[in-house]
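Here the structure is laid out as structure tokens; the discussion comes afterwards.
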Amino acid sequence: MTERKIPVAILGATGAVGQRMVQLLADHPWFEVVALTGSERTIGRPYGELVRWVLDGAPPPRLAELVVQSSDTPLDVAIALSALPTDVAQRVEPLWAAQVAVCSNASAYRMTPDVPLIIPEVNPDHLELLAQQRRQRGWRGCLVTNPNCSAIGVAMVMRPLHDAFGIERAHIATLQALSGAGYPGVPSLDIIDNIIPNIADGGEELKIEQEPRKLLGTLGAAAIEPAALSISAQVTRVPVIDGHTALLSLGCSRRPAPDEALAVLEGFVPPPVVRNLPSAPRPTIVVHRAGDRPQPRRDRDAGAGMAASVGRVRACPLLDLRLVVLSHNTIRGAAGGAILNAELLAAAGLLA
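Written out as structure tokens, the structure is:
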């Protein structure tokens with residue numbers, strides 16, 4: 217991209233998603249992490265001394281030496297990757313977006329009309345909203361969000377199927393990993409030998425019902441026109457560490473044969489602007505024809521954790537097509553998704 221790397225701050229770097237951002241950016245070819253922010257109790261101390269590292273290994277040595285700063289004061293960087301909690305993100309992200317490009321994993325602004333909800337392989341054209349966002353808000357920077365950690369894998373697989381067959385109805389049941397609950401997560405006596413059929417008192421289901429419609433929607437004059445499809449979601453928490461599985465049943469305007477759907481999925485190629493981004497997986501969608509795949513333990517790391525895996529593509533006796541989708545919830549569904557969005561902004565020349 218450039219001779220000099222692009223300076224990046226990670227907001228909320230001490231949490232589980234922030235740590236994953238730190239890990240993924242340690243040797244990034246385009247970006248250099250120059251600032252880490254945290255809560256009041258962490259400010260002014262070296263990151264490596266205070267972080268309770270929950271990933272394998274240890275914090276990257278150079279980043280471990282960075283002194284944690286306040287999230288409330290925007291810094292002189294080009295990109296801010298936000299792993300802030302939703303309530304903090306709602307207050308802080310606009311302060312940063314006034315002057316830098318913010319790529320957020322938080323849910324606070326995902327459904328805001330002038331904020332693009334982006335999966336680069338699915339809807340990079342929605343970044344055209346940023347011109348309006350900057351004009352109306354008077355920002356030099358911008359705010360872009362990535363989707364819910366289950367919705368992201370679902371939408372990646374729905375994109376080529378929707379384009380080919382016109383998805384009109386979808387039932388989505390998820391089996392969501394423990395890491396999706398953050399650290400320390402779900403109490404052991406609740407989840408061992410058990411499945412919990414509710415996440416966030418229905419809030420998770422609402423996200424999965426709403427966000428794919430925006431992701432698959434069309435760019436209008438002032439906002440995204442949601443795709444005309446109905447989604448019913450049911451969510452569960454299961455005793456898996458990483459990797460969200462989604463069971464989909466799809467009703468289409470043109471009923472596809474399973475072999476047709478498989479051919480469409482295997483032939484999916486992302487838009488040209490996405491293909492050479494450093495974090496973009498190749499292929500975007502990994503198609504399994506074996507009857508017992510995808511599986512979280514075997515397949516969550518496909519494409520360095522950035523690909524969506526799909527299998528069990530069959531005819532559905534109630535709708536038209538049924539299939540199983542798997543994606544890595546803390547990489548593709550969180551930290552890696554935000555980083556890929558930042559790469560897309562840089563490649564498209566949309567940084568401040």
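Counting in the working numbering, the sequence shown runs without a single skipped number right up to 568 at its last residue.
We put the beta carbon where it would ideally sit given N, CA and C, even for glycine.
- Spanning the alpha carbons of residue 373 and residue 222 requires a straight line of approximately 31 angstroms.
- Considered as a whole, the segment 479-564 harbours 488-491, 512-515, 552-563 as its complete alpha helix (DSSP H) runs of no fewer than 4 residues, in chain order.
- Residue 406 and residue 519 have their C-alpha atoms roughly 32 angstroms apart.
- For secondary structure counted as the alpha helix (DSSP H) over 4 or more consecutive residues, the segment 241-327 holds these complete runs in sequence order: 263-266, 277-280, 302-313.
- Here residue 232 carries a helix assignment [DSSP, helix/strand/coil].
- Residue 338 sits in coil when the DSSP states are folded into three classes, being neither helix nor strand.
- Here residue 412 is near residue 453, since their CB atoms are less than 8 angstroms apart.
- With a minimum length of 4 residues, the unbroken runs of alpha helix (DSSP H) contained wholly in the segment 330-392 fall at 345-353, 367-381.
- Scanning 428, 330, 328, 324 for the CA closest to the CA of residue 377 turns up 428.
- A straight line joining the alpha-carbon of residue 224 with that of residue 458 spans about 26 angstroms.
- Taking each of 436, 495, 447 in turn and checking the Cα distance to residue 341, the smallest one comes out for 436.
- Across the set 291, 299, 285, the C-alpha of 299 shows the shortest separation from the C-alpha of residue 546.
- If you check the CB distance, residue 461 and residue 512 come in under 8 angstroms.
- For residue 467, the pairing in a beta bridge is given by DSSP as 385.
- Counting along the chain, the unbroken beta strand (DSSP E) around residue 226 starts and ends at 222-227.
- Between residue 368 and residue 297, the C-beta gap is not smaller than 8 angstroms, which leaves the two residues out of contact.
- Pairing residue 275 with residue 534, the inter-Cα distance amounts to about 49 angstroms.
- The distance from the Cβ of residue 230 to that of residue 254 is about 5 angstroms, consistent with a contact at the 8 angstroms cut-off.
- For residue 412, no beta strand (DSSP E) run applies, since DSSP gives it neither H nor E.
- Distances from the CA of residue 425 to each of 444, 448, 410, 526 were compared; the closest alpha carbon is that of 448.
- The beta carbon of residue 295 lies closer than 6 angstroms to those of 224, 317, 558 in the same chain, with the five residues before and after it left out.
- Ranked by how close their Cα comes to the Cα of residue 467, the residues 532, 302, 488, 521 have 532 in first place.
- Counting along the chain, the unbroken alpha helix (DSSP H) around residue 424 starts and ends at 419-431.
- Comparing alpha carbon positions, the residue from 355, 343, 432, 390 closest to residue 564 is 343.
- Look at residue 440 here: in three-state DSSP terms it is strand.
- Residue range 446-453 is occupied by the beta strand (DSSP E) that includes residue 446.
- Residue 408 is classed as exposed because its beta carbon has fewer than 16 other beta carbons within 10 Å across all chains shown.
- Separation of residue 497 and residue 451 (C-alpha to C-alpha, rounded to the nearest whole angstrom) is 27 angstroms.
- For residue 406, the uninterrupted alpha helix (DSSP H) segment begins and ends at 404-407.
- If you ignore the 5 residues before and after residue 281, its C-beta comes within less than 8 angstroms of the C-beta of 262, 263, 264, all in its own chain and listed in chain order.
- DSSP places residue 397 within a helical segment (H, G or I) once states are collapsed to three.
- Pairwise C-beta distances place the segment 481-492 in contact with the segment 500-508, as three or more of them are shorter than 8 angstroms.
- Taking the Cα of residue 256 as reference, the smallest distance to any Cα among 523, 286, 421, 506 is reached at 286.
- Taking one beta carbon from each stretch, the segment 357-371 and the segment 537-544 have 3 or more pairs nearer than 8 angstroms; the two touch.
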